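Take 1 as the starting number for the sequence shown in the working numbering and just add one per residue.
By construction, the Cβ of each residue, glycine as well, lies at the ideal position given by its N, Cα and C atoms.
The structure displayed is predicted, hence computed values, not measured ones.
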Amino acid sequence: MHISQKCSVALHCLIFINEYGDSANVTSSLLAKSTGCNPVIIRNLLSGLKKAGMISTQSGVGNTKLVKQPEDITLYDICNAIDPDGMRNLFGIHASPAAACPVGRNIHNILQEPYGMIQENFTESLKSIRLDSIINHFHEVSR
1 MHISQKCSVA LHCLIFINEY GDSANVTSSL LAKSTGCNPV IIRNLLSGLK KAGMISTQSG
61 VGNTKLVKQP EDITLYDICN AIDPDGMRNL FGIHASPAAA CPVGRNIHNI LQEPYGMIQE
121 NFTESLKSIR LDSIINHFHE VSR
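This is the structure:
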């Protein structure tokens, strides 16, 4: 999975919601201004985060809030909520290697084990990083 910009935008939104969700009406328009993204993109990201049970929103009103505690949300959870296919496909293997070539006909089997190990390690790394640690770092750098 290539961690797309969607992940950093989702993290931006979650930090913003954590910081201002109790004191302001957080809407997709407000998040779009903060992130520099189109409100439609924000609404799509929020939809994925809501389906994953991380946030609540009120359609047409905003009022976006964190439902889960930041220490209960991992970077893996966020990436998986906004791009589940990306989480399953860290690496792509070219689709049409030459069957007549000894390397070509075996490349999928050859790469399956090392790519699987990398995928597993990457997933475990994402699961070890929690939203609360990212929020804490935000507080440290924004002083």
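I82 places its beta carbon less than 7 Å from that of A10. Scanning the segment 3 to 90 for uninterrupted beta strand (DSSP E) segments of 3 residues or longer gives 55 to 58, 62 to 66, listed from N- to C-terminal end. Between the alpha carbons of V103 and I110 lies a gap of roughly 9 Å. The segment 71 to 79 makes contact with the segment 115 to 132: 3 or more CB pairs, one atom from each, lie closer than 8 Å. In the three-state reduction of the DSSP assignment, R143 falls in the coil class, being assigned neither a helical nor a strand state. Around the CB of I42, 16 or more other CB atoms lie within 10 Å, so the residue is classed as buried. For R88 against P97, the beta-carbon gap comes to about 21 Å, at or over 8 Å, which does not count as contact.
Straight-line measurement puts the Cα of I107 at about 10 Å from the Cα of A99. Within 10 angstroms of the beta-carbon of C101 lie fewer than 16 other beta-carbons, which makes it exposed. For the 7 Å CB-CB criterion, V67 and I55 form a contact. Of all alpha-carbon atoms in A95, Q5, C79, G62, the one lying nearest the alpha-carbon of A24 is that of G62. It is roughly 9 Å from the alpha-carbon of I78 to the alpha-carbon of L131.
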